[in-house]
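J.: The sequence shown maps to residues 1 to 774 in UniProt numbering. Note that beta-carbon positions come from the ideal geometry of N, C-alpha and C, so glycine has one too. Okay, here's the structure, questions in a sec.
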Amino acid sequence: MLYHYIKIAFRNLRKYRLQSVISILGLAIGFTCFALSSLWIRYELTYDTFREGVDRMYYVRAESETDDQGVSSVTPYPLSSYLKETFPEVEESCNTGAWNSEFTYKGKKQEAFEMSTDSAVERMFEIKIISGNRDFMIPKSNKIAITDRLARKVFGNADPLGEKLKIWSDEVEICAIVAGQNRHSNFPFEILKPSVIINEWGVANCQTYIKVRPGTDMKAFSQKLYQHEIEKGRDKLTHLVLTPVTAMRYDRPIEEPTVKFDHILLFALAGGLVILCALFNYLTLFANRIRIRSKEIGLRKVCGSSNGNLFALFASEYLLTLFIALLTGLVLIELILPTFQELSNVKTDASGLYLETFIYFGIISLLAFLFSQFPIYYFRKRSLQKALRGSTDGKGKNIFPKVSLTLQLIISIGFIFCSSVFIKQIYHLHTTDLGLARADRGCVRIYPVTDGLKEEITKLPSIAEVYPDKHDALFPSHSRFYRYFTEWEGKPASTEGITIQSIPCSNRYFKFYGLQLVKGKLPEGNTQDHILINEAAVKALGIGDPIGKTLSLKDYSGHTIDGVIKDFYIAPPTIPVKPIMLDFSPMGKNPQDDYSTTVIFRHQPGSSKLCKQQIEQLVKKMQPNAVDTYISFMEEEYEKFLKSEQALLKMLDFVTLVCILISLFGVFSQVTLDCEQRRKEIAVRKVNGATASDILRLFFATNLRLLCIASLIAFPAGYLIMKSWIENYVLQTTISWWLYPAIWLVLVLLLTLCTGWRIHRAANQNPAEVIKTE
Numbered sequence: 001m002l003y004h005y006i007k008i009a010f011r012n013l014r015k016y017r018l019q020s021v022i023s024i025l026g027l028a029i030g031f032t033c034f035a036l037s038s039l040w041i042r043y044e045l046t047y048d049t050f051r052e053g054v055d056r057m058y059y060v061r062a063e064s065e066t067d068d069q070g071v072s073s074v075t076p077y078p079l080s081s082y083l084k085e086t087f088p089e090v091e092e093s094c095n096t097g098a099w100n101s102e103f104t105y106k107g108k109k110q111e112a113f114e115m116s117t118d119s120a121v122e123r124m125f126e127i128k129i130i131s132g133n134r135d136f137m138i139p140k141s142n143k144i145a146i147t148d149r150l151a152r153k154v155f156g157n158a159d160p161l162g163e164k165l166k167i168w169s170d171e172v173e174i175c176a177i178v179a180g181q182n183r184h185s186n187f188p189f190e191i192l193k194p195s196v197i198i199n200e201w202g203v204a205n206c207q208t209y210i211k212v213r214p215g216t217d218m219k220a221f222s223q224k225l226y227q228h229e230i231e232k233g234r235d236k237l238t239h240l241v242l243t244p245v246t247a248m249r250y251d252r253p254i255e256e257p258t259v260k261f262d263h264i265l266l267f268a269l270a271g272g273l274v275i276l277c278a279l280f281n282y283l284t285l286f287a288n289r290i291r292i293r294s295k296e297i298g299l300r301k302v303c304g305s306s307n308g309n310l311f312a313l314f315a316s317e318y319l320l321t322l323f324i325a326l327l328t329g330l331v332l333i334e335l336i337l338p339t340f341q342e343l344s345n346v347k348t349d350a351s352g353l354y355l356e357t358f359i360y361f362g363i364i365s366l367l368a369f370l371f372s373q374f375p376i377y378y379f380r381k382r383s384l385q386k387a388l389r390g391s392t393d394g395k396g397k398n399i400f401p402k403v404s405l406t407l408q409l410i411i412s413i414g415f416i417f418c419s420s421v422f423i424k425q426i427y428h429l430h431t432t433d434l435g436l437a438r439a440d441r442g443c444v445r446i447y448p449v450t451d452g453l454k455e456e457i458t459k460l461p462s463i464a465e466v467y468p469d470k471h472d473a474l475f476p477s478h479s480r481f482y483r484y485f486t487e488w489e490g491k492p493a494s495t496e497g498i499t500i501q502s503i504p505c506s507n508r509y510f511k512f513y514g515l516q517l518v519k520g521k522l523p524e525g526n527t528q529d530h531i532l533i534n535e536a537a538v539k540a541l542g543i544g545d546p547i548g549k550t551l552s553l554k555d556y557s558g559h560t561i562d563g564v565i566k567d568f569y570i571a572p573p574t575i576p577v578k579p580i581m582l583d584f585s586p587m588g589k590n591p592q593d594d595y596s597t598t599v600i601f602r603h604q605p606g607s608s609k610l611c612k613q614q615i616e617q618l619v620k621k622m623q624p625n626a627v628d629t630y631i632s633f634m635e636e637e638y639e640k641f642l643k644s645e646q647a648l649l650k651m652l653d654f655v656t657l658v659c660i661l662i663s664l665f666g667v668f669s670q671v672t673l674d675c676e677q678r679r680k681e682i683a684v685r686k687v688n689g690a691t692a693s694d695i696l697r698l699f700f701a702t703n704l705r706l707l708c709i710a711s712l713i714a715f716p717a718g719y720l721i722m723k724s725w726i727e728n729y730v731l732q733t734t735i736s737w738w739l740y741p742a743i744w745l746v747l748v749l750l751l752t753l754c755t756g757w758r759i760h761r762a763a764n765q766n767p768a769e770v771i772k773t774e
């Protein structure tokens with residue numbers, strides 16, 4: 001019997017080839033999007049979960065006005081021991097630092113993840129020494145430890161103990177081999193080196209981690225730590241916040257990932273909506289097939305088929321469709337897996353990935369099957385009654401298909417609207433005035449000092465201008481300097497002080513970067529302690545006219561404000577512009593000039609790739625043993641702020657297209673069925689004088705009503721969603737009124753093109769032939 005049901009199911013899939021293909025592809029794509037995004041989410045949520053007691057490990061940071069994330073990424077070295085001594089809730093604490101590094105062995109450069117360590121780090125992160133000694137934990141020693149995995153990669157089966165590597169410009173000796181840990185970690189260390197100890201509260205240069213005692217009330221402890229103030233001389237540290245080690249990837253991460261965690265959640269939601277859209281589409285077609293097969297169902301009932309037999313017949317066809325969609329989804333995963341792993345950085349073996357994906361597919365298929373049972377049972381029962389009684393459905397017929405099509409259109413319109421606003425916002429961020437000239441500006445920084453580099457870069461054909469002075473690049477900046485002021489004329493009583501980022505500047509620097517003066521004048525002549533401030537600083541100071549006023553700190557000499565500049569954006573677009581001052585005081589010695597050379601330049605329009613190639617060739621010629629060379633272009637650096645949005649936009653565009661195709665095909669299938677079922681009605685109308693245009697209007701009116709109902713629901717919902725999303729950005733586009741009619745008219749056009757020819761063919765059939773066959 002099962003074989004018979006499967007054979008009938010295959011026959012029906014072949015009979016409705018186009019409908020079956022669209023449904024299967026829609027479900028497969030939805031399965032794939034949802035399964036991969038769910039896998040991605042689970043991967044992000046399980047970093048470091050292999051560590052024993054990781055649920056009690058926390059990253060300690062302090063709130064910071066100057067950091068883009070709102071919290072500092074580094075803290076003072078003494079904080080670790082202070083927390084352990086002061087708070088009984090703290091079981092262990094340590095200081096460390098972790099970063100991607102580069103080392104050289106026998107002239108070959110390789111990359112590795114480096115981490116500073118001491119005995120406290122060893123206990124906290126369960127570092128196990130396989131061979132060698134602990135000299136790599138002695139401060140200021142030139143000894144390091146490497147993992148067994150890195151040892152095999154670099155030295156093969158040879159003993160690496162005593163071998164020497166060159167990390168950047170420092171020569172170090174391997175004194176120990178440690179056990180490598182799971183790479184699914186925020187600390188996938190391969191090289192361990194001594195911690196740099198600067199035991200001063202005024203210097204923040206390390207990351208502090210704690211492990212709390214079992215049973216600690218984290219809500220109470222977090223509040224206690226946040227309210228605790230640490231004062232050491234002139235240094236003050238307040239508002240400490242705790243981030244679970246397992247949440248470091250998505251809770252104000254140190255480095256933004258390629259795709260932000262909330263964008264991954266949005267993609268998972270999009271995949272779920274695609275599944276829903278495809279499921280509604282298939283259920284509509286499936287219900288219509290049951291209606292068409294009413295005579296077959298009645299005959300089976302007369303021949304002795306039970307309700308269970310009929311249910312098994314329909315369920316086998318439905319499950320077969322889901323199974324084929326599952327297999328198609330696995331094929332899609334195989335095709336896009338390399339791209340997915342590159343984008344998501346999910347590092348897992350293929351077998352594990354497919355196993356998890358299959359589990360997600362199974363869960364989704366089960367839910368989809370359970371969801372389908374009511375409409376299958378309902379239409380099966382109605383079809384049986386109709387076949388046995390020979391009655392019609394009356395006025396209530398086709399309610400389910402109409403509701404289903406409306407839901408599909410709601411999802412599709414919502415996707416189109418949200419994607420359109422998304423594109424408009426990204427375009428706005430690319431084209432709006434950022435308050436500075438970023439086109440064609442670049443910078444090269446080389447370690448060590450390279451004499452004559454600036455003069456040689458000037459000679460390159462791709463270079464239009466080289467900035468002559470020794471200022472650092474405005475963006476991206478390799479260092480930041482801040483000043484704190486407590487005194488100024490007109491200071492509000494509620495304000496204690498203000499922290500302002502200070503950027504060394506000159507008239508040439510101001511003009512090179514195209515900064516815009518809003519009020520006042522550029523400092524001239526003796527410019528010692530003369531500054532310009534941005535609009536954000538004016539607002540923070542709380543004064544109407546800052547020109548001529550002085551900013552100072554108690555008894556220290558002040559800075560005179562000569563003018564106000566327009567806010568310029570050198571931070572991610574979700575971060576508000578911070579108070580900035582341009583200091584026109586004569587430049588002192590830049591400490592970085594002792595170990596590096598920086599050149600700021602403007603290249604010829606459209607020649608960034610050529611410019612980079614020429615500079616790289618020049619650097620190899622002038623400094624073949626350069627420790628590091630960093631070439632950056634302002635436009636490319638700004639694009640990095642939007643990399644997550646760009647990735648999400650590509651994914652949303654794809655699922656939007658899929659939803660549109662599914663919805664349009666659903667409308668087409670329904671129109672085809674209606675034309676087939678209403679052939680006699682159309683013929684009678686034509687006999688009574690109706691024209692082909694009248695028939696066309698009759699069908700179009702039905703589709704337009706569904707589209708209008710869907711639009712009335714989708715547009716307001718889309719507006720509320722996108723309005724909330726746009727508010728995350730400092731520079732916001734407007735949700736223009738013309739988007740609504742434009743999207744609606746495009747959908748009307750697509751519906752007309754998709755169904756018009758089918759309705760036109762039905763309306764132009766010979767009524768005599770139709771009535772005769774009916």
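Is the region 740 to 752 touching the region 689 to 707 in the sense that three or more CB pairs, one from each, lie closer than 8 Å?
T.: Yes, they touch.
J.: If we cut at 9 Å on Cβ distances, does residue 724 have a partner in chain D?
T.: Absent from the structure: chain D. Only one protein chain is present.
J.: Helix, strand or coil: which one does DSSP assign to residue 71?
T.: Residue state, collapsed to three classes: strand.
J.: Could you tell me the distance, in whole angstroms, from the CA atom of residue 170 to the CA atom of residue 722?
T.: Answer to the nearest angstrom: the Cα atoms are 51 Å apart.
J.: If you run the structure through DSSP and keep just helix, strand and coil, what is residue 248?
T.: Reduced to three states, the DSSP call for residue 248 is coil.
J.: Would residue 425 pass as a contact of residue 729 if the rule is Cβ separation under 9 Å?
T.: In contact: residue 425 and residue 729 (Cβ atoms closer than 9 Å).
J.: Give me whichever residues DSSP pairs with residue 42 in a beta bridge.
T.: DSSP lists no partner for residue 42.
J.: Could you tell me the alpha carbon to alpha carbon distance between residue 152 and residue 565, rounded to whole angstroms?
T.: In a straight line, the C-alpha of residue 152 is about 57 Å away from that of residue 565.
J.: Do residue 250 and residue 38 have their C-beta atoms closer together than 9 Å?
T.: Cβ atoms of residue 250 and residue 38: not closer than 9 Å.
J.: Using the DSSP secondary-structure output, state which residues sit across from residue 282 in a beta bridge.
T.: Residue 282 is not bridged to any residue.
J.: Determine whether the beta carbon atoms of residue 415 and residue 18 lie at a separation below 9 Å.
T.: The answer is no: Cβ separation not under 9 Å.
J.: From what residue to what residue does the beta strand (DSSP E) around residue 99 run?
T.: Where residue 99 is concerned, the enclosing beta strand (DSSP E) stretches over 98 to 105.
J.: Return the residue from the list 139, 132, 537 that minimises the CA-CA distance to residue 146.
T.: When each option's Cα is compared against that of residue 146, the closest is 132.
J.: Helix, strand or coil: which one does DSSP assign to residue 227?
T.: Residue state, collapsed to three classes: helix.
J.: Using C-beta distances below 6 Å, list every residue in its chain close to residue 267, excluding the 5 sequence neighbours before and after it, in chain order.
T.: If we look at residue 267 and ignore the five residues flanking it on each side, its Cβ neighbours are 37, 651.
J.: From residue 547 to residue 533, what distance separates their C-alpha atoms?
T.: Distance between the alpha carbons of residue 547 and residue 533 is about 10 Å.
J.: Please say whether residue 98 and residue 115 have beta carbons closer to each other than 9 Å?
T.: A contact, by the Cβ cut-off of 9 Å.
J.: Need the endpoints of the alpha helix (DSSP H) that residue 418 sits in, please.
T.: 399 to 431 is the extent of the alpha helix (DSSP H) around residue 418.
J.: With C-beta atoms as the reference, is residue 101 less than 9 Å away from residue 191?
T.: A contact, by the Cβ cut-off of 9 Å.
J.: Kindly indicate which three-state DSSP category residue 731 falls into: helix, strand or coil?
T.: In this structure, residue 731 counts as coil in the three-state DSSP scheme.
J.: Taking the alpha helix (DSSP H) that residue 479 falls in, what are its first and last residues?
T.: Looking at the DSSP string, residue 479 is not in any alpha helix (DSSP H), and its letter there is neither H nor E.
J.: Along the alpha helix (DSSP H) that carries residue 235, what are the first and last residues, could you check?
T.: Segment 235 to 237 is the beta strand (DSSP E) holding residue 235; no alpha helix (DSSP H) there.
J.: By DSSP, does residue 54 sit in helix, in strand, or in coil?
T.: Helix.
J.: Among 638, 423, 620, which one has its Cα closest to the Cα of residue 653?
T.: Per the Cα distances, 423.
J.: Rounded to a whole number of angstroms, what is the C-alpha to C-alpha distance between residue 616 and residue 164?
T.: For residue 616 and residue 164, the distance between alpha carbons rounds to 28 Å.
J.: Looking at the unbroken alpha helix (DSSP H) that takes in residue 684, where does it start and where does it end?
T.: 679 to 687 is the extent of the alpha helix (DSSP H) around residue 684.
J.: Ignore the nearest five residues each way along the sequence and tell me which others in residue 139's own chain have a CB closer than 7 Å to its CB.
T.: Once the five neighbours on either side are set aside, the close Cβ partners of residue 139 are 194, 195, 197.
J.: Between residue 602 and residue 438, how many whole angstroms is the CB-CB distance? I'm expecting something under 8 Å.
T.: At roughly 11 Å, the Cβ-Cβ gap does not stay under 8 Å, so residue 602 and residue 438 are not in contact.
J.: Terminal residues of the continuous beta strand (DSSP E) containing residue 639?
T.: Careful: residue 639 lies outside any beta strand (DSSP E), inside the alpha helix (DSSP H) at 634 to 641.
J.: Buried or exposed: residue 545, going by 16 or more other Cβ atoms within 10 Å of its Cβ?
T.: With fewer than 16 Cβ atoms within 10 Å of its Cβ, residue 545 is classed as exposed.
J.: For the beta strand (DSSP E) containing residue 775, name the first residue and the last one.
T.: Lying before the first or after the last residue shown, residue 775 is absent from the chain, which here runs from 1 to 774.
J.: When DSSP labels each residue in this structure, what does residue 287 get in the three-state scheme?
T.: In this structure, residue 287 counts as helix in the three-state DSSP scheme.
J.: With the cut-off set at 9 Å, would you say residue 280 and residue 318 are in Cβ contact?
T.: No; because the gap between Cβ atoms is not below 9 Å, this pair is not in contact.
J.: According to DSSP, is residue 563 helix, strand or coil?
T.: If DSSP states are grouped into helix, strand and coil, residue 563 belongs with the strands.
J.: State yes or no: is the C-beta of residue 348 within less than 9 Å of the C-beta of residue 209?
T.: Not in contact: residue 348 and residue 209 (Cβ atoms no closer than 9 Å).
J.: From residue 596 to residue 475, what distance separates their C-alpha atoms?
T.: Approximately 17 Å, taken between the alpha carbons.
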